[in-house]
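Quick note, the sequence shown lines up with residues 1 to 232 if you use the UniProt record's numbering.
Glycine residues also receive a C-beta, built at the ideal position from the N, C-alpha and C atoms.
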Amino acid sequence: MVQRHFEGQFPLPHHENLFKYLRIHICGDEILYRDIPWALAGAAVTLEALNHYDSDKTMPSQVGDLFPNVDLWVLEPAHSDNKPRQPVSVHSWELVKGKRRVIFVGIPGPFTPGCSKSHVPGFIETALRLQAKGIDDIYVISTADAFVMDAFARTLGTDKQRQPLAITFLADGNHALTKALDMELDGSARGMGMRMQRFAMVVNGDGVIEDLLVDPSGHIKFSRAENVLSRL
């Protein structure tokens, strides 16, 4: 059986393990760099096991899976000289590292009726109760760009940080997270192209998905804030 072994250090304690990278060799010949979490590390890993890890990336995410580490986008803070703000990337694992739990709210489209009048406002209204249940941050994500997501946040008033719980609006314009989660929604019939499915996901500080409520059709049913709250 072919074995893959790791070059460098071996696993660090507890949650820090998820935020390291491994350089992987096969039979002594370097093949590539991979973002394999230290949680899978050991003295050696079978080719079958690593291939299973890779194949899992193409399956819909579920409770117990690791949250993908991808680049998401947000507008940089305002400049004192009023220069135009530009999108900056943030690694998704950095959003959960060191937190108790966070909620990712996936939406098909900012400013659409369901997202702007019901789904996202529900999480704004329940922020205090979510915080009391151990939620440290809420992230609202769509496949729109960072400029649109920033405008959406300002429309809902979350840019003023009125909430005791930080609510951040992030862009997945490259569909990196959408594809990694296998959460694409085909909105072509309505002229919207490929979008992110509607969902609410609870992720702990170790990067593990603790709960996941998905509305595959895009209609709001399971992923409401009250449903998430009742399951914490």
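**Report entry** Segments assigned beta strand (DSSP E), at least 3 residues, entirely inside the stretch 146 to 192
**Finding:** Within the stretch 146 to 192, the complete beta strand (DSSP E) runs of at least 3 residues are 166 to 171 and 184 to 186.
Requested in this report: May I ask you to report which of helix, strand or coil DSSP gives Ile-220?
Outcome: What you label residue 220 is simply residue 220 of the sequence shown in a count that begins at 1. The answer is coil: DSSP assigns Ile-220 none of H, G, I, E or B.
Report task. Rank Val-228, Ser-80, Ser-89 and Leu-66 by C-alpha distance to the C-alpha of Ala-171 and give the top, closest one. Result -> By one-based count along the sequence shown, residue 171 stands at place 171. A check of alpha carbon separations from Ala-171 across Val-228, Ser-80, Ser-89 and Leu-66 identifies Ser-89 as the nearest.
**Report entry** Buried or exposed by the 16-neighbour rule on C-beta atoms within 10 Å, applied to Thr-178
**Finding:** Here the question's residue 178 lines up with position 178 in the sequence shown. Its Cβ being crowded by 16 or more others within 10 Å, Thr-178 is buried.
Query raised in the report: Is Ser-92 helix, strand or coil by DSSP?
Result: Against the sequence shown, residue 92 aligns to sequence position 92. Residue state, collapsed to three classes: helix.
Query - Host alpha helix (DSSP H) of Leu-72 (start-end) - result: Start at 1 with the first residue of the sequence shown, and residue 72 comes out as number 72. Note, Leu-72: premise wrong, no alpha helix (DSSP H); beta strand (DSSP E) at 71 to 75.
Query raised in the report: For the beta strand (DSSP E) that contains Arg-195, what are its first and last residues?
Result: By 1-based counting over the sequence shown, the position of residue 195 is 195. Element bounds for Arg-195: 194 to 196.
Query raised in the report: Would you call the stretch 210 to 230 and the stretch 114 to 126 touching, i.e. three or more CB-CB distances under 8 Å?
Result: Under the 8 Å Cβ criterion, the stretch 210 to 230 counts as touching the stretch 114 to 126, having at least three qualifying pairs.
Requested in this report: Please classify Pro-108: is it buried, with 16 or more other beta-carbons within 10 angstroms of its beta-carbon, or exposed?
Outcome: Here residue 108 corresponds to residue number 108 of the sequence shown, with the count starting at 1. So Pro-108 ends up on the buried side.
Query raised in the report: Does the Cβ-Cβ distance between residue 256 and Phe-169 come in under 8 Å?
Result: Residue 256 lies beyond the range of the chain shown here (1 to 232); nothing can be said about it.
Requested in this report: Name, in chain order, the residues that DSSP records as bridge partners for Val-214.
Outcome: Within the sequence shown, the letter at position 214 stands for residue 214. Beta-bridge pairing by DSSP links Val-214 to Phe-199.
Requested in this report: Could you check how far apart the C-beta atoms of Glu-94 and Gln-86 are, in whole angstroms? I think they sit under 8 Å.
Outcome: In the sequence shown, counting from the first residue as 1, residue 94 sits at position 94. In the sequence shown, counting from the first residue as 1, residue 86 sits at position 86. Contact doesn't hold; Cβ gap of about 19 Å is too wide.
Requested in this report: Report all residues from its chain with a CB closer than 6 Å to the CB of Asp-145; omit the five preceding and five following residues, and keep chain order.
Outcome: Indexing the sequence shown from 1 puts residue 145 at position 145. The residues are Ala-171 and Gly-173.
Report task. Would you mind giving the Cβ-Cβ distance between Ala-132 and Ile-167, rounded to the nearest angstrom? I have them listed as a contact below 8 Å. Result -> As a working note, residue 132 is residue 132 in the sequence shown. As a working note, residue 167 is residue 167 in the sequence shown. Actually they are not in contact, since the Cβ atoms of Ala-132 and Ile-167 sit about 16 Å apart, beyond 8 Å.
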